[in-house]
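Data block below; observations after.
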Amino acid sequence: MNDRLSLPSSPQPPVIGKRLGKRKKMIVYEDEYEEGEVKPQDLLPLMNSNISDHDDEEVNAKPIGHVVRVSGEGEWVTKHFKGFETDGISYELEDTVLVSPEEYNMKPSVAIIKVNNSLCTQDIRETRDGRIMVTGRRFYRPEIAVNEDGGKWGSEEERELFYSFDEIEFAAESVMHKCRVHFVPPNKTIPNVREYPGFFVEKVYDAKLKRLCGIVDVGYGDNKQHELFGLVQKTIDRIPSWPLKL
C-alpha cells in the first residue's frame, strides 16, 4: 500500500502575538531508559509549567551559520539566519518547540519554527539590539480553543493539539526544548505513546471562526493544503507499518 500523499503552495497569515522573556528551566535526561519506555522529557510537554520566578534562567541565544538574507534598510536592516543555538542545542527551521508560557499557571505553548516557502522568507532573525526572534505556526491546546458556543472544544486525549495557520512571534531564549508532534490522517490510529511519544494532531483550528476541520479536509486553499499534506507525510515517513484505523 502506498502511503504517499499527493501534494498540491502560500501566503502566510499575519502575526497574532509576540512572546518575549526568559526561558524556564526544564531538565532533559539522557538515555537512561530502555527502548520504548516513556522518558521524563517526553512527558514534560504534557505537564503544567508551574515554576516560580527564581526558577527562571537567563539564556543567551546566538544565530547559527551565515546570514541567509537581509531585509530592511539603514537602521532598520534585519539579518535572517537558518537557525539559532541556546545552551549548546541548535534549532532550525521546521523544528517543533515548546515555548515558555507568559504566566506561571499556564502550560508551555507549542509552535513550528516556520519558513515561507513561496517567498523564501527565513523566519529566524536578529534584531538591531542583537536579540534573536522567531516566527512559528501556532498549535492550540483543546482546553483553550474556544468553540462557536463560547465554550472550549476540549479533548479526551491529553496529548492532542490543534494545528492552526496562526503565527506567533517569540524570542529564541524563550524556547524550552524541541518536542515531537505527529500529524495523524483520518485513516490511521493515534501513535502509541511508548513507541512514539509526543503530541498528535488530527484537526485544524480556525480561531476567527472558532471551528475545527480535519487535517486533510479540502477547502483550506492550495498552499495551506500543501503545508498540511507535507506535515502528514513527514509523520507517515517517520512511522513504519503505521496501523490503519478499524
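No gaps in the numbering here: position 133 of the sequence shown is 133 in full-length UniProt numbering, and each next residue is one more. Cβ atoms here follow ideal geometry from the backbone N, Cα and C, with glycine treated the same way.
Please confirm whether ILE112 and GLY83 have their CB atoms less than 7 angstroms apart.
No, these two residues do not count as a Cβ contact at 7 angstroms.
Report the CB separation of ILE168 from SER109 in whole angstroms; it is logged as a contact under 8 angstroms.
About 7 angstroms separates the two Cβ atoms, so the contact holds.
In terms of residues, what are the limits of the alpha helix (DSSP H) holding LYS224?
Looking at the DSSP string, the run of the alpha helix (DSSP H) that includes LYS224 is 222-238.
Determine whether the beta carbon atoms of LEU98 and CYS179 lie at a separation below 7 angstroms.
A contact, by the Cβ cut-off of 7 angstroms.
Compute every distance between the C-beta of HIS226 and the non-hydrogen atoms of the ligand MN, then say whether any falls below 6 angstroms.
The ligand content of the structure shown is nil, which means the ligand MN is not present either.
What is the rounded straight-line gap between the Cα of ASN50 and the Cα of PRO101?
Caution is warranted here: a pLDDT of 42 is assigned to ASN50, below 50, making its placement in the model unreliable, and the coordinate value is therefore given only provisionally. ASN50 and PRO101: Cα-Cα distance of roughly 10 angstroms.
Specify the secondary structure class of ALA172 as computed by DSSP and reduced to three states.
If DSSP states are grouped into helix, strand and coil, ALA172 belongs with the helices.
Considering Cα atoms alone, identify which of GLY65, ARG159, PHE199 and HIS80 is closest to THR127.
The option with the nearest alpha carbon to THR127 is HIS80.
For ARG211, which residues does DSSP report across the bridge?
In the DSSP output, where bridge partners are listed per residue, ARG211 has ASP206.
Under DSSP, the beta strand (DSSP E) around MET133 begins and ends at which residues?
Segment 132-140, the beta strand (DSSP E) holding MET133.
Secondary structure at GLU156, three-state DSSP: helix, strand or coil?
Note: GLU156 maps to coil in three-state DSSP.
Cutting at 6 angstroms between CB atoms, please list the residues of its own chain near ASP42, excluding the five before and the five after it.
Per-residue confidence for ASP42 stands at a pLDDT of 45, beneath the threshold of 50, marking its modelled position as unreliable; the derived number appears in the next sentence. Only PRO197 meet the Cβ criterion.
With DSSP as the reference, identify every bridge partner of GLU126, one or two as the case may be.
LYS79 and ILE132, per the DSSP bridge assignment.
When the distance is taken between beta carbons, is VAL134 closer than 7 angstroms to LYS210?
Not closer than 7 angstroms, so no.
Cβ of PHE183 within 7 angstroms of Cβ of ILE215?
Yes, Cβ-Cβ distance for PHE183 and ILE215 is below 7 angstroms.
Among the candidates VAL67, MET176 and GLY150, whose CA atom is the shortest distance from the CA of THR96?
Checked all of VAL67, MET176 and GLY150; the closest Cα to THR96 is MET176.
Can the beta-carbon of TYR140 be found less than 7 angstroms from the beta-carbon of PHE170?
No; because the gap between Cβ atoms is not below 7 angstroms, this pair is not in contact.
Using only alpha-carbon positions, find the residue among MET106, ILE64 and ASN60 that is nearest to ASP87.
Cα-wise, what sits closest to ASP87 is ASN60.
Leaving aside the five residues before and after PHE199 along the sequence, list all residues of the same chain whose C-beta is less than 6 angstroms from its C-beta, in chain order.
For PHE199, where only same-chain residues beyond five positions count, the Cβ hits under 6 angstroms are ARG159, LEU161 and VAL181.
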